[in-house]
Amino acid sequence: MFAMLLAAGLPASAQAQDGGWVSYRDAYRQMVVFEKYGKPKQLLQSTLQVAPRDKSAPLDGLRLTLSGKATQLDLPLDATGRTVFPLLKAAYDENAALVLNQGVAQYAFKPRISVAVRPDGVYEAAELRAACEQALAYQRYIAPASVAGKKCVGVRFAYPKDDANVVVRLRHGAQDAALRVEQGAAFPGDAVEHFRIARYRFAETPAGGQVFTHHAPVSIAPVFE
Numbered sequence: 005m006f007a008m009l010l011a012a013g014l015p016a017s018a019q020a021q022d023g024g025w026v027s028y029r030d031a032y033r034q035m036v037v038f039e040k041y042g043k044p045k046q047l048l049q050s051t052l053q054v055a056p057r058d059k060s061a062p063l064d065g066l067r068l069t070l071s072g073k074a075t076q077l078d079l080p081l082d083a084t085g086r087t088v089f090p091l092l093k094a095a096y097d098e099n100a101a102l103v104l105n106q107g108v109a110q111y112a113f114k115p116r117i118s119v120a121v122r123p124d125g126v127y128e129a130a131e132l133r134a135a136c137e138q139a140l141a142y143q144r145y146i147a148p149a150s151v152a153g154k155k156c157v158g159v160r161f162a163y164p165k166d167d168a169n170v171v172v173r174l175r176h177g178a179q180d181a182a183l184r185v186e187q188g189a190a191f192p193g194d195a196v197e198h199f200r201i202a203r204y205r206f207a208e209t210p211a212g213g214q215v216f217t218h219h220a221p222v223s224i225a226p227v228f229e
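Reminder that position 224 of the sequence shown reads as 228 in our numbering, one-by-one numbering, no gaps.
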């Protein structure tokens, strides 16, 4: 239905008794592509996601650390398992490790592109369309076959499963309605499907309009069909 998986998961470089690690250098090579991408991307966010391969692998309590001879850095994960990836030459040169406190084979390490979250919670419909188009253009740059014949049709707002106060409203002229909230995955292909999702389809507001969020979502994923 839609796709934003930019690369296959990184291979596990080693396995410890209670966790494991993957190569920082391997992750760096994938993540730096977005930094070097020269087309418009100001409405997007690039992160590294630690994604369970199946529903049995937990996200709660998951911790990721960048560890090397000269580098020790905690990388906090959000509810979707994402973190802002640090591009550090020293860590690359020594090929530091991304250390996970769970069995690393249970997880895939994936670059993720999402729509940047606004602190004021107000999104112009035109800006969401532009963000989706930027994401689609980047996906075509990374993996054109994955989006062949597809176009931007909307975005999905994801909130934690225990958030009982999810309100996402669409306003267009005299129209003011709350978007339906349902259970689902924050990103396509994710095994974890317990997030609270509000979908906004561009066809619902042919021109203009705004989307208001009561509070910030965990992520906003573009939708391609």
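Where is the CB? At the ideal position from N, CA and C, for every residue including glycine.
Pick from the options that is closest to residue i, judged by C-alpha positions
{"i": "residue 88", "options": "156, 77, 131, 41", "result": "77"}
{"i": "residue 172", "options": "123, 108, 73, 219", "result": "219"}
{"i": "residue 194", "options": "175, 212, 85, 137", "result": "85"}
{"i": "residue 147", "options": "34, 25, 72", "result": "34"}
{"i": "residue 212", "options": "178, 32, 189", "result": "178"}
{"i": "residue 138", "options": "166, 92, 47", "result": "47"}
{"i": "residue 125", "options": "99, 92, 214, 100", "result": "214"}
{"i": "residue 232", "options": "166, 37, 205", "result": "Since the first residue of the chain shown is 5 and the last is 229, residue 232 is not available in this structure."}
{"i": "residue 113", "options": "140, 30, 225", "result": "30"}
{"i": "residue 109", "options": "58, 79, 140", "result": "58"}
{"i": "residue 226", "options": "187, 120, 185, 68", "result": "120"}
Whether residue i touches residue j by CB criterion (9 Å)
{"i": "residue 158", "j": "residue 94", "result": "no"}
{"i": "residue 202", "j": "residue 161", "result": "yes"}
{"i": "residue 66", "j": "residue 103", "result": "no"}
{"i": "residue 81", "j": "residue 63", "result": "yes"}
{"i": "residue 24", "j": "residue 107", "result": "yes"}
{"i": "residue 91", "j": "residue 54", "result": "no"}
Rounded separation between residue i and residue j - CA only
{"i": "residue 96", "j": "residue 28", "result": "7 Å"}
{"i": "residue 16", "j": "residue 116", "result": "With a pLDDT of 45 at residue 16, under the threshold of 50, the predicted position of this residue should be treated as unreliable, though the coordinate-derived value follows. Whole-angstrom Cα-Cα distance: 19 Å."}
{"i": "residue 199", "j": "residue 183", "result": "15 Å"}
{"i": "residue 221", "j": "residue 135", "result": "16 Å"}
{"i": "residue 210", "j": "residue 156", "result": "13 Å"}
{"i": "residue 181", "j": "residue 216", "result": "10 Å"}
{"i": "residue 143", "j": "residue 60", "result": "29 Å"}
{"i": "residue 223", "j": "residue 168", "result": "17 Å"}
{"i": "residue 145", "j": "residue 44", "result": "12 Å"}
{"i": "residue 26", "j": "residue 132", "result": "34 Å"}
{"i": "residue 190", "j": "residue 72", "result": "32 Å"}
{"i": "residue 32", "j": "residue 176", "result": "42 Å"}
{"i": "residue 101", "j": "residue 174", "result": "44 Å"}
{"i": "residue 20", "j": "residue 105", "result": "Bear in mind that a pLDDT of 37 at residue 20, under 50, signals an unreliable position, so the number given afterwards is only what the model happens to contain. If you take the alpha carbons of residue 20 and residue 105, they lie about 9 Å apart."}
{"i": "residue 129", "j": "residue 122", "result": "13 Å"}
{"i": "residue 68", "j": "residue 141", "result": "30 Å"}
{"i": "residue 187", "j": "residue 42", "result": "36 Å"}
{"i": "residue 204", "j": "residue 170", "result": "14 Å"}
Continuous beta strand (DSSP E) stretch holding residue i: start and end
{"i": "residue 78", "result": "76-79"}
{"i": "residue 48", "result": "48-56"}
Expected contact under 8 Å - CB spacing of residue i and residue j to nearest Å
{"i": "residue 49", "j": "residue 118", "result": "5 Å"}
{"i": "residue 127", "j": "residue 56", "result": "Not really, about 29 Å apart at Cβ, beyond 8 Å."}
{"i": "residue 74", "j": "residue 98", "result": "6 Å"}
{"i": "residue 164", "j": "residue 83", "result": "5 Å"}
Range of the contiguous alpha helix (DSSP H) that encloses residue i
{"i": "residue 96", "result": "93-97"}
{"i": "residue 30", "result": "28-40"}
{"i": "residue 134", "result": "129-146"}
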